[in-house]
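A.B. asks: Could you have a look at this structure, given as structure tokens, before my questions?
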Amino acid sequence: MRNPLSDKITTIKPSGIRKFFDIVSEMEDAISLGVGEPDFDTPWHIRDEGIYSLEKGKTFYTSNAGIKELRQEICNYYARKQGVLYDPIKETLVTVGGSEGIDLALRCMLNPGDEVIIPTPCYVSYEPCTIMADGVPVILPLKNENQFRLTPEELEGAITEKTKVLILAYPNNPTGAIMEKSDLEALVPIIEKYDLMIISDEIYSELSYKSKHVSICSLPGMQERTIVINGFSKAYAMTGWRLGYALGPETVIKQMVKLHQFAIMCAPTTSQYAAVEALKNGDEDVAEMTEAYNQRRRFLMNEFKEMNLPCFEPFGAFYVFPCIKEFGMTSEEFALKFLEEEKVAVVPGTAFGDCGEGFLRISYAYSIDDLKVAIGRLKNFVERLRTEK
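Residue numbers (the working numbering): 221 to 609.
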């Protein structure tokens with residue numbers, strides 16, 4: 221029998237995040253700080269709107285691009301948050317989570333051999349989605365000493381004549397790093413010089429603790445070059461609703477809608493009606509959850525300081541990225557030993573790229589009680605390792 225699999229798919233490694241999630245799910249009394257999922261329930265008024273849509277019999281397909289009211293609210297959101305105007309009909313697409321938007325954008329923009337610059341550490345899907353779209357991922361390792369921000373020099377050094385797309389993902393998963401307006405402005409001349417397109421993954425845009433998130437699409441000359449990817453999972457605690465969206469120039473969005481039409485048809489109808497309510501009346505919920513995350517963030521940074529565990533201060537998302545190089549173990553060895561001995565799951569930094577070696581991703585999208593117990597166990601573990609040395 222012939223091999224039923226494509227060569228491309230067999231070269232792609234499974235997610236390093238899920239490996240530890242699967243182990244901890246079968247371990248009694250274990251605490252997982254590994255999955256980036258809010259511990260909050262979706263706010264009731266948002267759930268009510270989804271329930272109401274079912275009661276009213278709104279259970280049919282929507283238009284391929286999403287219901288018009290939702291697309292309009294998405295555009296309203298970016299107008300008030302970023303001062304950028306999008307056309308709800310021509311420049312907006314509702315997707316099944318932000319992940320589908322990333323996949324669609326890459327498949328619609330890349331020709332075989334086109335290069336995509338992927339700054340790392342980063343979300344796990346960018347590289348495999350690039351490969352499946354016949355693109356060539358160009359991995360650009362970022363530096364801890366720069367707080368994992370992308371510098372103009374690093375960007376220009378990675379560009380070749382085949383470079384077509386730059387992926388920006390700030391606030392960042394796994395590091396919690398942000399790019400402020402001045403950081404983004406420094407990239408603009410290079411982006412224009414080399415005629416690059418940008419995929420800006422802004423799924424954590426509401427979770428920014430130092431300053432208001434600035435989208436690169438809001439900078440002069442960048443809107444026509446940028447596909448913005450965003451969604452409802454993180455800010456509104458709607459992970460299971462599987463809803464995201466893409467904003468961008470009509471030429472690209474039109475083709476993304478076409479591919480989405482053949483692969484998906486439309487995003488879940490119930491979720492779309494709930495998302496309208498989230499955008500219209502969810503600002504207070506987002507503010508409350510963001511403040512809770514910020515308290516947890518400050519708690520963890522203080523605990524790391526007390527145990528003398530190096531960690532730059534992250535100002536976005538809900539992750540910290542402490543350095544464990546002093547212990548002479550790989551990130552995976554440390555994470556496995558910590559899980560086995562203290563029953564706490566964290567994710568090795570290498571799950572997000574080779575330059576994550578020597579780091580751990582710890583999510584604080586968990587209750588403060590769980591965080592206190594888990595950090596207590598980490599203190600014990602670190603002290604024991606230092607004594608053994």
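For each residue, glycine too, the CB sits at the ideal point set by N, CA and C.
Note that the structure is predicted; figures quoted are calculated from it, not measured.
1. Is it buried or exposed for G451, if we count other Cβ within 10 angstroms and need 16 for buried?
2. Note down the Cα distance separating P534 from A512, rounded to an integer number of angstroms.
3. Which of the three DSSP states, helix, strand or coil, is assigned to G451?
4. Could you check where the alpha helix (DSSP H) with S348 kicks off and where it finishes?
5. Expressed to the nearest angstrom, what Euclidean distance is found between the alpha-carbon atoms of E246 and E381?
6. Is it the case that the Cβ atoms of K278 and T489 are separated by a distance below 8 Å?
7. Under 8 Å between the Cβ atoms of G578 and I544?
8. Which residue spans inside the stretch 319-397 form an unbroken beta strand (DSSP E) run of at least 3?
9. What residues match up with M417 in a beta bridge as DSSP calls it?
10. For N223, count the other beta carbons within 10 Å of its own beta carbon; 16 or more makes it buried, fewer makes it exposed. Which is it?
11. Report, in whole angstroms, the separation of the C-beta atoms of L635 and C531, which I expect to be a contact under 8 Å.
12. Flag this pair as yes or no: are the beta carbons of L388 and D421 separated by less than 8 Å?
13. To the nearest angstrom, how far is the alpha carbon of A565 from that of R581?
14. Between the Cα of G355 and the Cα atoms of N366, V336, I411, T471, which residue gives the shortest distance?
15. Scan the stretch 487-541 and note each continuous alpha helix (DSSP H) run of 4 residues or more that stays entirely inside, going in chain order.
16. Mind reading off the beta-carbon distance from F260 to A571? Whole number of angstroms is fine, and I expect it under 8 Å.
17. Taking L254 as the reference, which of S583, D589, C295 has the closest Cα?
18. Taking buried to mean at least 16 other C-beta atoms within 10 Å of its own C-beta, is Q481 buried or exposed?
19. To which residues of the same chain is Q475 closer than 8 Å at the C-beta, ignoring the five residues directly before and after it?
20. Looking only at DSSP bridge pairs, what is R581 linked to?
C.D. replies: This is what the structure gives:
1. buried
2. 15 Å
3. strand
4. A small fix is needed here, since residue 348 is Pro in this sequence, not Ser. P348 -> alpha helix (DSSP H) spans 346-352.
5. 49 Å
6. Their beta carbons are under 8 Å apart, which means K278 touches T489 by this criterion.
7. Yes, the pair counts as a contact, with Cβ atoms nearer than the cut-off.
8. 335-340, 356-361, 383-388
9. V385
10. exposed
11. What is shown of the chain runs 221 to 609, which leaves residue 635 out entirely.
12. For L388 and D421, yes; Cβs fall inside 8 Å.
13. 10 Å
14. V336
15. 489-501, 503-526
16. Not really, about 25 Å apart at Cβ, beyond 8 Å.
17. Looking at the sequence itself, residue 254 is Gly, so the reference to Leu does not match. For the residues S583, D589, C295, the minimum Cα distance to G254 belongs to S583.
18. exposed
19. C328
20. V567
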